[in-house]
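Q: Just passing along the structure, written as structure tokens.
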Amino acid sequence: MTQKVTTLLKNAIVLTMDGKMNQYDPGAVAVKDDVIVAAGPEAEILKEYTADETIDCGGKVLMPGLVNAHTHVPMTLLRGLEDDLRLDVWLMGYMLPVEREFVTPEFVRLGTLLACAEQIRSGVTTFNDMYFFEDDIAQATADAGMRAVCGQSVMKYPAPDAASFEVSLAYAREFIKKWKGHPLIVPAVAPHAPYSTTPEILRSCAELAREFDVPLHIHISETAFEVETMRNEQGMPVVPYIKKQGVLEAKVIAAHCVHVDTGEMKTLLHVNAGIAHNPSSNLKLASGFAPVQKMLETGLNVGIGTDGPASNNDLDMFEEVRLASFVAKASSNDPTVVPAATALLMATRMGAQALHIGHLTGSLEPGKRADLILVDTSPIHNSPRFRRNPNNAYAQLVFASKSTDVTDVMVNGKWLMRDHQLLTLNEADLLEQARKLALKIDDFLTEREQSVLSKLIALGGSMEQESFEVQVKVKVTEPASLVQNMKRPEIEVNAYKHYHQYDEYYMFEDPSQGRLRFREDNLINEKGEVENVRSRLTLLGQQREDEIGHDVLLSRSRFLAPAVHTSRFYREYFKPAQEISIEKDRSRWHIKYKETEFFVNLDEMKQPDMGTFLEIKSRTWSRKDADLKAELVKELLNLLGLGSAEVVTQDYIEILTA
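According to this note's numbering, the sequence shown is numbered sequentially starting from 8.
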């Protein structure tokens, strides 16, 4: 007596991707509601089962849906926004500022639906996401009928959906509680990366993931710079660092892992962490070549991801699987590593295991969810077919097939695409909405790119100082005498510090943009050792406001911002027409003269070698006070024995012309 099922798929080349990598040609699969009941030779399946719907697959490949192990799906709306940049410039200089301006629940829903349409068309049935407003992403994904692990991002920076990481954590908790147990959505928490979080954030996220037994999704060792910085700042590689914070006590999904060593791989294996390998993104951003073969040999579950569509720039998993094999071969100089069957396994069953949902999906086995696709291998680019070697079926899919060869997609027993037609999404409407939004983003960036000031503000943390500043700078021929004069009883010294300063001035073709100074202050202690390093940016105006009296000049301070990136970052971000570097040794006194505070700087110019200069400056908040302080500056010059000295200039950069 036959068993009744919902759907029977027959006349197919069935690639189960199960533990034995069973193939059936011709094969068939029986589905009841949302579950696979059986997969095997066609004759046996048809003998045992009858169905409400029987589908003749026409000799196509019937296989598990692909698993996109790492992405940021709403970033379909930022695809092509800015390319050919280093990761830090791309992320901090463009992505984050645009996200702060535009990312809303409506933005992520639209971007997610676009991504779902693209992924369904390319045979993806499950993806692992990390972004903001993840509740809206989960809802859009469920509406589209796809399966996903949805990770709510948590960072130390203000985010589009949270002013602080505490708010993000609270959001993540409620999000997990809401979606836990959903048939399509697995909620997760996603601390962005070690460099964009804090130990407290990492510990809190790990505790949350353990409390609800959900995955923890995080970027790990994506770039060599990240790893080097971690070693310099924490004295250890990235994996030991996150282990120290308790992260590895959760069900970790570690994205990238480009620069991990053998010891770190073993550590990840010991805690059953999943790896998400992203070959296209790593290639495009020149992040390096992940040691995939060593990971596989170690025993790690390695999935394949597209990364976000703004850094790839697509969600095409067929392209990604092909590259995963090719990159491994090229980087190891061994054409036998990561063969087609292994690459496809990474994109199906192993990928699901890497996401800690291998019990649900990733292979065509009884009891697993009915997530499957049909792939036409008859087009000209994939013909003919050889049957002698059983691995040929995998090779056809990995090395010759294209995402456009996917004809039908089922998730959780429901058809999402039949004969190339999307059934749950209105593709034309989504494209039109995306087009209109792109025009707004273009206008925003076009306006921003016209001004150095607006680009500085976009990085965050800048502030405008509206105060006036009275200052004078003179050349000093006898520094020792000046230092002795600083001990005069009329001068009260409040503090003294010794710095080694490195300044880089960025000049722009349009002088009205002003000039941007990147300064690194190295505080030197009494032993001559560097005690502290501080960096900051100052946007200086084109010219000073005017002159007060004789030899003393008045200026308006411009925009100040913390310099949290390298000078290389700022050069690539601001794209100056000219760069000028200055190195100097600075002795700085904070003094009080006639109840008025001043800073006195004695600068020995090291590079270029131009001698020693004295600078006296004081800040004030009114023009009247500025006039009074200008007179006091002249008196100080006399006290220091420089009353008749020529005032060279009031601005650091112009010292070069002295």
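Note that the Cβ used here is the ideal one computed from N, Cα and C, for glycine as well.
If you run the structure through DSSP and keep just helix, strand and coil, what is residue 443?
A: Reduced to three states, the DSSP call for residue 443 is helix.
Q: In whole angstroms, what separates the C-alpha of residue 301 from that of residue 429?
A: Between residue 301 and residue 429, the C-alpha separation is close to 39 angstroms.
Q: Compare the Cα-Cα distances from residue 44 to each of 132, 126, 646, 370 and report the closest residue.
A: Of 132, 126, 646, 370, the residue nearest in Cα terms is 370.
Q: If I'm right that residue 666 touches residue 42 with Cβ under 8 angstroms, what's the distance once you round it to whole angstroms?
A: This structure leaves residue 666 out entirely; the chain is present only between 8 and 665.
Q: So, helix, strand or coil for residue 294, using DSSP?
A: Three-state result, residue 294: coil.
Q: Leaving out five residues before and five after residue 85 in sequence, what residues of the same chain have Cβ atoms less than 7 angstroms from its Cβ?
A: Closer than 7 angstroms at Cβ, skipping near neighbours: 102, 105, 317.
Q: Can you check which of these residues, 173, 260, 441, 31, is closest to residue 163 by C-alpha distance?
A: Ranking the options by Cα distance to residue 163, first place goes to 173.
Q: Apply the 10 Å Cβ neighbour rule to residue 230 and answer buried if 16 or more other Cβ atoms are within range, or exposed otherwise.
A: Label assigned to residue 230: buried.
Q: Considering only the alpha carbon of each residue, which of 350, 53, 585 lies closest to residue 309?
A: It is 350 whose Cα lies nearest to the Cα of residue 309.
Q: Taking its Cβ as the centre, do 16 or more other Cβ atoms sit within 10 Å of residue 503, making it buried, or is it exposed?
A: That one is exposed.
Q: What is the residue span of the alpha helix (DSSP H) that residue 172 lies within?
A: Where residue 172 is concerned, the enclosing alpha helix (DSSP H) stretches over 172-186.
Q: Are the beta-carbon atoms of residue 477 and residue 637 separated by less than 8 angstroms?
A: Yes, these two residues count as a Cβ contact at 8 angstroms.
Q: Can you list the alpha helix (DSSP H) stretches of 4 or more residues lying completely in the region 375-422, in chain order?
A: Runs of the alpha helix (DSSP H) inside the region 375-422: 399-402.
Q: Go through its chain and collect everything with a Cβ distance to residue 276's Cβ below 7 angstroms, but skip five positions before and after it.
A: Only 305, 306, 307 meet the Cβ criterion.
Q: With contact counted as at least three CB pairs below 8 angstroms, one residue from each stretch, are the region 539-547 and the region 567-575 in contact?
A: Touching, per the Cβ criterion.
Q: Starting from residue 104, follow the alpha helix (DSSP H) in both directions and report where the run begins and ends.
A: Residue 104 -> alpha helix (DSSP H) spans 103-109.
Q: Give the secondary structure of residue 576 by DSSP, where H, G and I count as helix, E and B as strand, and everything else as coil.
A: Residue state, collapsed to three classes: helix.
Q: If you draw a straight line from the C-alpha of residue 526 to the C-alpha of residue 573, how long is it?
A: C-alpha separation (whole angstroms): 11 angstroms.
Q: In terms of residues, what are the limits of the beta strand (DSSP E) holding residue 608?
A: That run of the beta strand (DSSP E) goes 603-614.
Q: Does the contact criterion of 3 or more C-beta pairs under 8 angstroms hold for the region 374-389 versus the region 90-102?
A: Contact between the region 374-389 and the region 90-102 is absent, because fewer than three Cβ pairs lie under 8 angstroms.
Q: Assuming residue 136 and residue 158 make a contact with CB atoms under 8 angstroms, what is their CB distance in whole Å?
A: Correct: roughly 6 angstroms between the Cβ atoms.
Q: Using the C-alpha atoms, what's the distance from residue 418 back to residue 132?
A: Each residue's alpha carbon lies about 6 angstroms from the other.
Q: Pull up the CB-CB distance for residue 222 and residue 260, whole angstroms please, since I reckon it's below 8 angstroms.
A: Correct: roughly 5 angstroms between the Cβ atoms.
Q: What is the DSSP secondary structure of residue 634, counted as helix, strand or coil?
A: Three-state result, residue 634: helix.
Q: Whose C-alpha, out of 129, 51, 100, 34, is nearest the C-alpha of residue 72?
A: The shortest Cα separation from residue 72 among 129, 51, 100, 34 belongs to 129.
Q: Measuring straight from C-alpha to C-alpha, what distance separates residue 291 and residue 536?
A: One C-alpha to the other measures close to 41 angstroms.
Q: Can you tell me which residues form a DSSP beta bridge with residue 525?
A: In the DSSP output, where bridge partners are listed per residue, residue 525 has 511, 544.
Q: Mind checking which residues open and close the beta strand (DSSP E) that includes residue 247?
A: Run containing residue 247: none in the beta strand (DSSP E); it sits in the alpha helix (DSSP H), 245-251.
Q: Between which two residues does the alpha helix (DSSP H) carrying residue 277 extend?
A: Residues 269-277.
Q: Would residue 245 pass as a contact of residue 235 if the rule is Cβ separation under 8 angstroms?
A: Going by C-beta atoms, residue 245 is not nearer than 8 angstroms to residue 235.
Q: Exposed or buried, what is residue 435 when buried is set at 16 or more other beta-carbons lying within 10 Å of its beta-carbon?
A: So residue 435 ends up on the exposed side.
Q: List the residues that DSSP assigns as beta-bridge partners of residue 97.
A: The partner list for residue 97 (beta bridge, DSSP) is empty, contrary to what the question assumes.
Q: Roughly how many angstroms lie between the CA atoms of residue 533 and residue 576, to the nearest whole one?
A: If you take the alpha carbons of residue 533 and residue 576, they lie about 32 angstroms apart.
Q: Quick one: give me the first and last residue of the alpha helix (DSSP H) that residue 114 is part of.
A: That run of the alpha helix (DSSP H) goes 112-128.
Q: Where do the N-terminal and C-terminal ends of the beta strand (DSSP E) with residue 517 fall, by residue?
A: Premise fails: residue 517 is in no beta strand (DSSP E) and is neither H nor E.
Q: May I ask which residues mark the beginning and end of the beta strand (DSSP E) holding residue 491?
A: Residue 491 -> not in any beta strand (DSSP E); alpha helix (DSSP H) instead, spanning 486-492.
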